[in-house]
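Residue numbers (the working numbering): 10 to 484.
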């Protein structure tokens, strides 16, 4: 087995040409993207792979095939170099069917190329340059993007052609590229997120964006299909669009459509007011229609609970976070990742528990470019309790795990309930067991490693206790 370390398509092409020339089969080559990659059984000085003499003739590849290989080399997959060499090996052996999407390897190649081209298109569309003060020097414009695939070099060439001699920088989590007005320069990561960029003109842009937004013309489904949720967090307007969408769906659109009813120029007067022109509507009876408190106004959507129709264990959190608000699912953000790890360690299958929140809309405040969590008030918890009661009646869990103080207050219907009074042991409430533990976000906010470890262990222990208390259902 021989080991090849390559970091780019050009390095891979040179190594692959040499290996093909010596007729080294794919199963005798281990490919790695860095010196640190590899398995326990392969070393740089491992025994050489079997070589079939005589040397193979020079490679003659059609241009279309080379372009597909170059594109697929940008696809983020641990085995991409090995897969590309497998394709090259098959081509050299005369297996031309690999160019067809009907071939299994050909289908994967086509899918990789398609995904890479889509990522290039998305980066062209959603990279947002922020202007730096002229006195700050180069680069004049800075952008942050989080690509799924390694498309930064070709995207950089696109912007170099588009932006002339203006200096700029595009930063990603793994690399940075700079344009000095004449040449592109590669650099290691220089930023951690879009929050590292200061832009004095951004407030003006957001004011303009709000002024041109027409709620009566909004098609939210089309907007979400064109701009996936992963891009919103790094767009300047991403902080205000969710509230604008929510407002359009829940009143602003209606106002925009009827604001001129009863008024028009000329002598004729229409004897009807905009308010009377509104259609009669029944009181809200579904979660997405809920107006029991004001949180719906600034949320993208209500986030219902998810899980089996009849679950033995129900986990109740506080409220949706930023990612939950955008995706419409509970516990899919950073706190959800902590919860997933705790569930696994406790031996509780996530798909066997019901996950929900005491408050169904995201309460937040804008801090710079980020929507930061804001604790719901007790009146908001109380207003939303009707939906938790509906879930409890429908799912009928034997055990409810209250994740944090807000969840505990909602489950107990007691604004004075405290975690310290009930965390020591499970207790019975309204015919079911209740286990109180920290919310997973508390682990993320803890001040030091020891505190994080202690809070996490409390969550795991509580989940294990819930599993013991919940009897298995037959049938």
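Note that CB positions come from ideal geometry on N, CA and C, so glycine has one too.
Integer-rounded CB distance, given that residue j should sit under 8 Å from residue i
i, j, result
"residue 344", "residue 453", "6 Å"
"residue 314", "residue 400", "5 Å"
"residue 367", "residue 419", "4 Å"
"residue 181", "residue 143", "Contact doesn't hold; Cβ gap of about 25 Å is too wide."
"residue 171", "residue 190", "That belief does not hold up - the Cβ atoms of residue 171 and residue 190 are roughly 13 Å apart, past 8 Å."
Beta-carbon spacing of residue i, residue j below 9 Å
i, j, result
"residue 35", "residue 95", "yes"
"residue 408", "residue 449", "no"
"residue 413", "residue 327", "yes"
"residue 130", "residue 80", "no"
"residue 304", "residue 340", "no"
"residue 442", "residue 417", "no"
"residue 318", "residue 379", "no"
"residue 82", "residue 195", "no"
"residue 137", "residue 152", "yes"
"residue 108", "residue 74", "yes"
"residue 69", "residue 29", "no"
"residue 410", "residue 325", "yes"
"residue 469", "residue 346", "no"
"residue 415", "residue 384", "yes"
"residue 244", "residue 135", "yes"
"residue 255", "residue 306", "yes"
"residue 353", "residue 476", "no"
Where residue i falls, given that 16 or more other Cβ within 10 Å makes a residue buried
i, result
"residue 310", "buried"
"residue 332", "buried"
"residue 272", "Confidence at residue 272 is low in this model, with a pLDDT of 49, below 50, so its placement is unreliable and no value can be given for it."
"residue 89", "buried"
"residue 197", "exposed"
"residue 201", "exposed"
"residue 86", "exposed"
"residue 128", "buried"
"residue 71", "exposed"
"residue 145", "exposed"
"residue 398", "exposed"
"residue 251", "buried"
"residue 342", "buried"
"residue 216", "exposed"
"residue 103", "exposed"
"residue 97", "buried"
"residue 375", "exposed"
"residue 381", "exposed"
Nonlocal neighbours in the same chain, by C-beta distance under 7 Å from residue i, ignoring five residues either side
i, result
"residue 24", "13, 15"
"residue 455", "461, 464"
"residue 296", "311, 313, 369, 396"
"residue 421", "438"
"residue 360", "none"
"residue 424", "387, 418"
"residue 21", "15, 82, 90, 93"
"residue 133", "164, 167"
"residue 183", "198"
"residue 348", "340, 449"
Spatial neighbours of residue i in its chain, beta-carbon cut-off 6 Å, leaving aside the 5 residues before and after
i, result
"residue 78", "93"
"residue 302", "389, 392"
"residue 371", "308, 329, 334"
"residue 150", "138, 140, 177"
"residue 40", "13, 90, 91"
"residue 17", "none"
"residue 157", "128"
Per DSSP, cross-strand counterpart(s) of residue i
i, result
"residue 326", "366"
"residue 195", "186"
"residue 437", "442"
"residue 479", "DSSP, once it has assigned bridges, lists no residue as partnering residue 479."
"residue 151", "139, 178"
"residue 407", "Paired residues: none, contrary to the question."
"residue 372", "According to DSSP, which records beta bridges pairwise, residue 372 is partnered with nothing at all."
"residue 315", "364"
"residue 380", "375"
"residue 412", "446"
"residue 13", "40"
Sequence-distant residues of its chain with Cβ nearer than 8 Å to residue i (five each side left out)
i, result
"residue 406", "320, 321, 322, 323, 363, 441, 479"
"residue 474", "435, 444"
"residue 100", "70, 74, 107"
"residue 338", "312, 315"
"residue 394", "367, 419, 422"
"residue 186", "161, 162, 165, 178, 179, 193, 194, 195, 196"
"residue 110", "116, 119"
"residue 43", "14, 16"
Any C-beta of chain B under 9 Å from that of residue i
i, result
"residue 24", "Chain labels in this structure do not include chain B; a single protein chain is all it has."
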